[in-house]
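These notes concern the structure reproduced below.
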Amino acid sequence: MTDIIVSDTSVLINFLNIDRLDLLGKCSLRCFVTNHVREEVIDNFSDQFQRFQRGLDQQIIQEINVCDPSEIELFSTLSQKGRLGVGECSAISVAIHRKFSLAIDDNLAIKSARSLSPHLSILRTQDIMVKMIQEGVLKISEADAILQDWGDNYRFKLKFSTFKDLV
0 MTDIIVSDTS VLINFLNIDR LDLLGKCSLR CFVTNHVREE VIDNFSDQFQ RFQRGLDQQI
60 IQEINVCDPS EIELFSTLSQ KGRLGVGECS AISVAIHRKF SLAIDDNLAI KSARSLSPHL
120 SILRTQDIMV KMIQEGVLKI SEADAILQDW GDNYRFKLKF STFKDLV
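Numbering that gives the first Met the number 0 puts the last residue of the sequence shown at 166; the count rises by one with no breaks.
Below you can see the structure in the form of structure tokens.
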């Protein structure tokens, strides 16, 4: 069974940084990103845009627009509070209204999403990695090498040293 997720920029960038967006295409997740997330990649991570575009071209990720009036209203409400980025606001809005899982790492954004939709399925980067291990996409040793790379080179440090502790 394929789970549909809508990802904010942070989760996506974790995979783009290490040039492993392909992993998302190998597991049972169907990954959507909003047009706002695309704009954040262009504006803040221009060095990753070519990899992002390749992911779109290979249909590893699919871009969707925030277009439903209820999505736009929630996006607007979240944006006006000024605490979350547009990628987070758009991903939360789409996930809630389309009943997709939300892929996001920011604690404040997760708290905001949970306050609006307590039963919303939320996946952090580490949850996606665990899913890949469980599905045989990655071995624990490969996931641990990625974990080390993120911590050493991309300022994405998790509170555990091996995925063995989570599987």
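Just so it is clear, CB atoms sit at the ideal spot from N, CA and C, and this is done for glycine as well.
Taking DSSP as the reference, what is the three-state secondary structure of residue i?
{"i": "GLU134", "result": "coil"}
{"i": "VAL32", "result": "strand"}
{"i": "GLN61", "result": "strand"}
{"i": "ILE121", "result": "strand"}
{"i": "ILE17", "result": "coil"}
{"i": "ASP143", "result": "helix"}
{"i": "SER160", "result": "coil"}
{"i": "ASP148", "result": "helix"}
{"i": "SER27", "result": "coil"}
{"i": "SER116", "result": "coil"}
Take residue i and list the residues in its own chain whose beta-carbon comes closer than 8 angstroms to its own, dropping the five residues that flank it on each side.
{"i": "ASP105", "result": "ASP7, SER9, LEU83 and GLU87"}
{"i": "LEU115", "result": "LEU73, ILE91 and ILE95"}
{"i": "VAL93", "result": "VAL5, PHE31, THR33, ILE63, VAL65, GLU70 and PHE99"}
Going by CA-CA distance only, name the one from the options that's closest to residue i.
{"i": "ASP67", "options": "GLN61, PHE51, GLN57 and SER89", "result": "SER89"}
{"i": "PRO117", "options": "VAL36, LYS130 and SER100", "result": "SER100"}
{"i": "LYS62", "options": "GLY150, ALA108 and ILE3", "result": "Reading off the sequence shown, one finds Glu at residue 62, where the question assumed Lys. Selected option, being the one with the closest Cα: ILE3."}
{"i": "GLU39", "options": "ARG19, CYS26 and LEU11", "result": "LEU11"}
{"i": "ASP143", "options": "ILE132, LEU157 and THR161", "result": "THR161"}
{"i": "LEU15", "options": "GLU134, PHE51, VAL36 and ASN43", "result": "PHE51"}
{"i": "LEU23", "options": "ASP148, ASN43 and VAL136", "result": "VAL136"}
{"i": "GLN58", "options": "LEU20, GLU134, ILE41 and VAL85", "result": "LEU20"}
{"i": "LYS163", "options": "ARG154, ARG97, ILE127 and LYS138", "result": "LYS138"}
{"i": "GLY54", "options": "GLN125, HIS35, ASP18 and ARG97", "result": "ASP18"}
{"i": "GLN147", "options": "GLY81, ARG113, ILE41 and GLN125", "result": "GLN125"}
{"i": "LYS25", "options": "VAL85, ILE132 and LYS158", "result": "ILE132"}
Does chain B have any CB closer than 9 angstroms to the CB of residue i?
{"i": "THR33", "result": "No chain B appears in the structure shown, which is made up of a single protein chain."}
Beta-carbon within less than 6 angstroms of residue i's beta-carbon, same chain only, minus the 5 sequence neighbours each way: which residues are those?
{"i": "LEU28", "result": "ASP2 and ILE4"}
{"i": "ALA108", "result": "LEU83 and GLU87"}
{"i": "LEU165", "result": "VAL129"}
{"i": "ARG123", "result": "ASP104"}
{"i": "GLY150", "result": "LYS156"}
{"i": "SER111", "result": "none"}
{"i": "ALA102", "result": "ILE4, SER6, VAL10 and LEU122"}
{"i": "ILE41", "result": "PHE48"}
{"i": "ILE127", "result": "none"}
### the stretch 72 to 80 contacting the stretch 41 to 51, beta-carbon criterion three pairs below 8 angstroms
no
### Task
Quick one: which unbroken alpha helix (DSSP H) runs of 4-plus residues sit fully inside the stretch 41 to 109? Chain order, please.
48 to 56, 68 to 79 and 85 to 97
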